[in-house]
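Read through the structure below, which is laid out as structure tokens, and then see the notes.
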Amino acid sequence: MSALFAIDGLRAGYGGRDCLHGLSFTLAPGLFYGLIGPNGSGKTTLLDLMLANLKPQAGTVCFQGREVGRYPRRQLAREIALVPQEFAINFDFTVFEVVMMGRHPHIPRFASPSARDRDTVRQVLAELEISELANRLITELSGGEKQRVIVARALAQETPVLILDEATANLDIQHSLRIFQVLQRRCREQGATIIAAVHDLNFASAYCDLILLLHEGRLVTSGPPGEVLNAERLRQVFAVDCQSYQNPFSGRHQLAYRY
-2 MSALFAIDGL
8 RAGYGGRDCL
18 HGLSFTLAPG
28 LFYGLIGPNG
38 SGKTTLLDLM
48 LANLKPQAGT
58 VCFQGREVGR
68 YPRRQLAREI
78 ALVPQEFAIN
88 FDFTVFEVVM
98 MGRHPHIPRF
108 ASPSARDRDT
118 VRQVLAELEI
128 SELANRLITE
138 LSGGEKQRVI
148 VARALAQETP
158 VLILDEATAN
168 LDIQHSLRIF
178 QVLQRRCREQ
188 GATIIAAVHD
198 LNFASAYCDL
208 ILLLHEGRLV
218 TSGPPGEVLN
228 AERLRQVFAV
238 DCQSYQNPFS
248 GRHQLAYRY
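Its first residue numbered -2, the sequence shown is counted upward by one per residue in this note's numbering.
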């Protein structure tokens, strides 16, 4: 299978300080990837590079055989959608209008949204169970409601690749589960590639096909959850005592922590 992303010798940082040190790996299309690591391990920096929001100091980030920074922004927006870790919308747009922003890469310049664009927005709102928010102003929503709307905006973009930077970190368990189930269905049924920085290791293990573990700007290892999330490795990287086991309810590899 040809590489969707090819990362080679990647080094990058901010203000003269390196955050990533010589990363090299490839990602194949159609899989759900979990990006994990302690705070400051370089997860967000890596995602910024994959989105061409940051230029590498050395090495390359190629998307579909071409350096990602060489793509016109509008073209890249039809290929990759982002759910950021932080966002701010300070204008009185309705939720429907905010989610419609995800359709802009597909709408010709100076044109109005089509019936298909509006149907796509309604479908995504229903999929995330937030249809009742459609006419509410984004500035009137709670933080969790806003986060679900931003996820909906990215889904409405209908890109083959979706990148999420800890998109469910501040959501309750019900809504986090719903979002991950929708993402997994996009991956399984539509062949989408999901690349998600995930704070909760058990969520990563339950939903991701492959996991990439970062520590201090380096790729420690990658592979299936059962191989990456072992007690000794997590003790070294996260400094926590844990035990892995097969969850009898979900059937997935999970972790139990000792506090």
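Here a beta-carbon is modelled for each residue, glycine too, at the ideal position from N, C-alpha and C. All figures in this text were calculated on a predicted structure; none of them were measured in a lab.
Exercise. What is the rounded straight-line gap between the Cα of residue 241 and the Cα of residue 44?
Worked result: 28 Å
Exercise. According to DSSP, what are the bridge partners of residue 243?
Worked result: 250
Exercise. Where DSSP assigns a beta bridge to residue 59, which residues make up the other side?
Worked result: 3 and 64
Exercise. If you drop the 5 nearest sequence neighbours on each side, which residues of the same chain put their C-beta closer than 6 Å to that of residue 117?
Worked result: 153
Exercise. Measuring CA to CA, which of 194, 31, 17 and 200 is closest to residue 171?
Worked result: 200
For this session: With DSSP as the reference, label residue 169 as helix, strand or coil.
Result: coil
For this session: Starting from the N-terminal side, write out each stretch of the alpha helix (DSSP H) that is 4 residues or longer and does not extend beyond the region 18 to 97.
Result: 40 to 47, 70 to 74 and 92 to 97
For this session: Could you pull out every residue in the same chain whose Cβ sits closer than 7 Å to the Cβ of residue 257, ignoring the five residues on either side in sequence?
Result: No answer is possible for residue 257: the residues shown for the chain start at -2 and end at 256.
Exercise. With distances taken between CB atoms, is the gap from residue 5 to residue 57 smaller than 8 Å?
Worked result: yes
For this session: Look up residue 256 in the DSSP assignment and say whether it is helix, strand or coil.
Result: coil
Exercise. In this structure, what does DSSP give as the bridge partners for residue 220?
Worked result: 208
Problem set entry | Reduced DSSP category for residue 130 - H, G, I as helix; E, B as strand; rest coil | helix
Exercise. Per DSSP, what kind of secondary structure is residue 161 in: helix, strand or coil?
Worked result: strand
Exercise. Three or more C-beta pairs closer than 8 Å, one from the region 11 to 20 and one from the region 204 to 215: is that the case here?
Worked result: yes
Exercise. Out of curiosity, what's the CA-to-CA distance linking residue 39 and residue 121?
Worked result: 31 Å
For this session: Might you give, ordered along the chain, the residues of its own chain that have their beta carbon closer than 6 Å to the beta carbon of residue 162, omitting 5 neighbours on each side?
Result: 41, 44, 81, 82 and 194
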